[in-house]
Each structure stands twice: as structure tokens, then as C-alpha cells.
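**Q** With UniProt numbering, the residue at position 280 of the sequence shown is 280, and numbering never jumps.
Quick one: structure below, then a few questions.
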Amino acid sequence: MSDYGAHPTQYGNLSDGNLYAMYRESVYRSLSESQKLDLLQETVNRDAAARGEAGSPRVQFENMPSRTDGYAEKGVISVNRDLAVNGTRTATYQGKTLQHTINDYNIQSLVTVLHENVHCYQDQIIDGTIRNADPQLAAEYRANDFTISMVQQGNNLDFGSQYLTGETSNGYYIYYFQATERDAFRWSEEEASRIVQELTAKYGMEPSFEAYEKTLQANGYSVMEAEAIQRFQNPDFVKDLNQVLMNQYYDTHKSVDARTERAVKNEMVQSRQALQPVTTRSLSTGKEQQNMSFQYTPMTVEEYDQFLRNAVNEYYVHAMNDPNMSKEEALRTSGEAAERYLTAVEEYKAAMENNAENKIGAVNDNLNTGGPVEQASAGAVNEQTEQTSVNTGVDAGTDVGVSNSEGCDEDVGLGGDLDL
């Protein structure tokens, strides 16, 4: 169920010029919270129509951490209320509440909804709602969704996330330039800059416009691209990054820069680990720690199990058909992948259980201290009780029986085709 649809506003009859004029600093500051929400909603309505989306996402304000401007999920764009309404970022440091004023919050609010609507557009391409998208972009977006694949790094096999969260030392650049974020950053910047230029030409320069221009000079798309090329010593860094993801997802073998490939694969593995539902650890974005726009809902144990089983099955097919790999090597590495699958599922299950226990503990603490009680979902862990088999080959096959309700039991025997 999603919130794509018609979301009429009080500004629906305004021309584009008059609508965007409301992003002038003096006008935007004078708007009430509901008026600002309607302005952002109407902006999204028009952007969605221009992109050919099936319906428009619904825009809402939400209280968020200071470093998050917004996110999109299931046809809803959530925008940081402090940023869009008050023009501030609020954070707590060593017990003190710190507040920072955002001088171009009118334009940053515009950029945020444009950025998040690009993600909504991408979601509709990925799920097939939009069918006339550029085939190359559609392929890149599907290879950059929240899915899991087997990643081979030298002699090591592990599971990796196709969506990258920026966990490694240069991970922010990898996060920024993966296909879905690349286009969200670039297209929202281009559209916001176009609007600011038109407003400047008509009404003159304003302090908020100058502040936005300074932001672009420091962290704009072209600046970030130049930094990434320098860091990775690869003029084709952006292209190669996304080709690595496509090679992984589609089992293709197009040539890429070796250093970039190693960095992306390492990021895939660490991103997959970071996306586990551990409440004591927040996702990082490496260099900037800024404004990540995805909203990740942890999978159930069953869903995670299925994702990993699919990844191992796909790897087995790939290995058995790889002309550069002997049958013995294919069977051996597939067996390693199957063993890694068992370990990963148990780790994920433990993380989910720990997550549920932490929520219950927080509720109990609040009950004992008289603090606010948040609803805890002890049912977050849906334990798998069925028996599954991992068979890694006819001759050398290791038949591994997995019973997730009682832990991992390994039985060695003759196997057939890999079928998780």
C-alpha cells in the first residue's frame, strides 16, 4: 500500500513562476507551517507530473535527527520539520542542546523534496509502474535496490548489499555516486539551481540564494565528482562504480578499474552488515555524515533467509558455468557460500532478537521510572521452523540441513544440484 495519488493544495492554480516565487527568502519565512507544507506538496505534484509518475507522493513533516533532511518510502516524502519549518538543525552534544541556523533553508527544503521525489520516480521504474524509462537507467536502478548478492574478493566469499550506505573510509563517495543517489543529487541540484537563477533574474540576489551558491561551491555535484575521481585515481569512477553493481546483479563481466571494483565490493559487504537491525549502531556516511535519504525497514528473518538463499543459488549457477573456474573450484566455493549463508542467517536472527529485547528493555525501564512508554514489537522475530537444505554439487556435494528454530545442524552427505 502506498500514498501515490492526487494531493491537491491551495496553490494548485498558481503558475509555475508564481509558485516558485514563494521560495524567495522573505516570502517563505512568512508562511505558516501548513502553507510551507502545501508549497512543498505542490512542488512535488508538478515534478511528479513532469516525470510521468503514476500519481504524486504525499509530503509530510516529521521530527528527524539533525543530519537527516528527509526520506521517501512507499509514496510518502517525509521532510525534517526543523529544517523546513524553522530553518534550524538541533542536536544534543554532551548533554547540551545545540541549534544551528540554516541560512538557505528555503532552498534546502526545495532541494529535499525534489531529491526525494527522484527516489519515488526510481521506485516506480524498479517496480515496473513506469515502463517507458531509459533502459540503461532502469537497469542501473534495479541493480542498486535493497537486494543482496554474493561478493567474491580474492579467495573470500561474502554477502553484499546492492544499495550502499557509505561505511568504508571513502564510502561517502561510493554512496553519493551509486545510480539512485547520483541522479537524485544531480537532478535535484539542477532543478533547484534553475529555479534560483530564474528568481534571481526576476527579483535580484538574496542572501539565501548566495548561501545556496556557496553550498554548491563546497559540496555540489561537480565538486564531489572531481573529489571522487581524485580519491580513486579513476576518471571513470562513477561509471565503473555502477558497472560493478550491474556486474554483480546481472552476472555480467564488463571490465572496470580494479581499485574501484575492490572498493565497491568492500563497501557492499560492509553495507550489508550495517543494514542489520542493530539498535546500538547508527548508519554512517563516511566523509560527510550528511543527510542520507533512504529509509530502510529491516527484513524479517524469513525474508533475509530467502534473499541469501537466492544469492547462493545464483552464485552456484554462475560458478558452474564460469569457463575460468574448474568444477572442483565451483563446488568448493559454492560450499563456502552455503556455509556463509548459515552463519549470516544466524547472525541476522540474533540481531533481530537483540533488537526486540532492547525495545522491551526500554519499555520496562520507562515503566519503572515513569518515563514515556513506546510500543515494542516483540514479534519482530518470526522464527523459521521449516527444514531447508543446501546441496553443493553431485560429486563433492555437502548436504547441509538447516533448522533455524533450533540453530544450525550440519549433516555431511551426497548432494545434488544446489537448491536452497
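C-beta: ideal position from N, C-alpha, C; glycine also.
1. Using 8 Å for Cβ pairs, my map puts valine 301 next to tyrosine 250. What's the rounded Cβ distance?
2. Which residue or residues does DSSP assign as beta-bridge partners of glutamate 62?
3. Could you check where the alpha helix (DSSP H) with lysine 74 kicks off and where it finishes?
4. On the three-state DSSP scale, how would you describe lysine 96?
5. Short check: CB of valine 196 to CB of tyrosine 212, under 8 Å?
6. Is DSSP giving isoleucine 148 helix, strand or coil here?
7. Just reading off the alpha helix (DSSP H) that asparagine 266 is part of, what are its end residues?
8. Under a Cβ-count criterion, where at least 16 other Cβ atoms within 10 Å of its own Cβ denotes burial, should glycine 95 be classed as buried or exposed?
9. Is the region 142-157 touching the region 314-323, taking contact as three or more C-beta pairs under 8 Å?
10. How big is the Cα-Cα spacing for proline 57 and tyrosine 11?
11. Pop quiz: serine 271 and glutamate 191 are said to be a contact at Cβ under 8 Å. What is the actual Cβ separation, rounded to whole angstroms?
12. So what's threonine 43 in DSSP terms, helix, strand or just coil?
13. Cα separation between aspartate 123 and alanine 91?
14. Strictly by DSSP, which residues pair up with glycine 12?
15. For the region 19-26 and the region 57-76, state whether three or more C-beta atom pairs, one from each stretch, are separated by less than 8 Å.
16. What distance in whole Å lies between the Cβ atoms of glycine 52 and isoleucine 130, which are believed to be in contact at a cut-off of 8 Å?
17. Output the residue ranges of the beta strand (DSSP E) runs that lie fully inside the region 130-174 and measure 3 residues or longer, sorted by chain position.
18. If we call anything under 8 Å between Cβ atoms a contact, is residue 464 one with arginine 81?
19. Buried or exposed for aspartate 38, going by 16 or more other Cβ atoms inside 10 Å?
20. Rounded to the nearest angstrom, what separates residue 430 and alanine 49 at their Cα positions?
21. Here's a check: name, in chain order, each residue in its chain whose Cβ is nearer than 6 Å to the Cβ of lysine 265, leaving out the five neighbours to either side.
22. Which value, in whole angstroms, describes the spacing of the CA atoms of glutamate 339 and alanine 179?
23. Determine, using beta carbons only, whether alanine 274 and threonine 165 come nearer to each other than 8 Å.
24. Note down the Cα distance separating alanine 258 from glutamine 136, rounded to an integer number of angstroms.
25. Would you mind reading off the limits of the alpha helix (DSSP H) that contains valine 85?
26. Let me check understanding here. Comparing Cα to Cα, which of Glu33, Gln41, Gly17 and Asn18 lies closest to serine 9?
27. Pull up the distance between the alpha-carbon of tyrosine 172 and that of arginine 262, whole angstroms please.
28. For arginine 186, report the span of its alpha helix (DSSP H) as first-last.
29. Assuming tyrosine 221 contacts arginine 186 under a Cβ cut-off of 8 Å, what Cβ separation, rounded to an integer in Å, is found between them?
30. By DSSP, does serine 56 sit in helix, in strand, or in coil?
31. For alanine 6 versus glycine 55, is the C-beta spacing smaller than 8 Å?
32. Got a sec: does the ligand FMN put a non-hydrogen atom nearer than 7 Å to the Cβ of tyrosine 203?
33. Following the continuous alpha helix (DSSP H) through threonine 112, name the residue where it begins and the one where it ends.
34. Mind checking glutamine 108: buried by the 16 CB within 10 Å criterion, or exposed?
**A** On the basis of the supplied data:
1. Between tyrosine 250 and valine 301 the Cβ distance is about 28 Å, and since that is not below 8 Å, they are no contact.
2. Asn80
3. No alpha helix (DSSP H) holds lysine 74; DSSP gives it neither H nor E.
4. strand
5. yes
6. strand
7. 258-274
8. exposed
9. yes
10. 16 Å
11. Actually they are not in contact, since the Cβ atoms of serine 271 and glutamate 191 sit about 28 Å apart, beyond 8 Å.
12. helix
13. 31 Å
14. Partner(s): none; glycine 12 has no beta bridge.
15. no
16. 6 Å
17. 148-153 and 156-161
18. Since the first and last residues shown for the chain are 1 and 420, residue 464 lies out of range.
19. buried
20. Missing from the structure shown is residue 430; the chain here goes from 1 to 420 and no further.
21. Val151 and Gln153
22. 31 Å
23. yes
24. 23 Å
25. Where valine 85 is concerned, there is no enclosing alpha helix (DSSP H), given that its DSSP letter is neither H nor E.
26. Here residue 9 is threonine; the residue named in the question, serine, does not match the sequence. When each option's Cα is compared against that of threonine 9, the closest is Gln41.
27. 15 Å
28. 179-203
29. 5 Å
30. strand
31. yes
32. Absence of the ligand FMN is noted for the structure shown, with no ligands found whatsoever.
33. 105-126
34. buried
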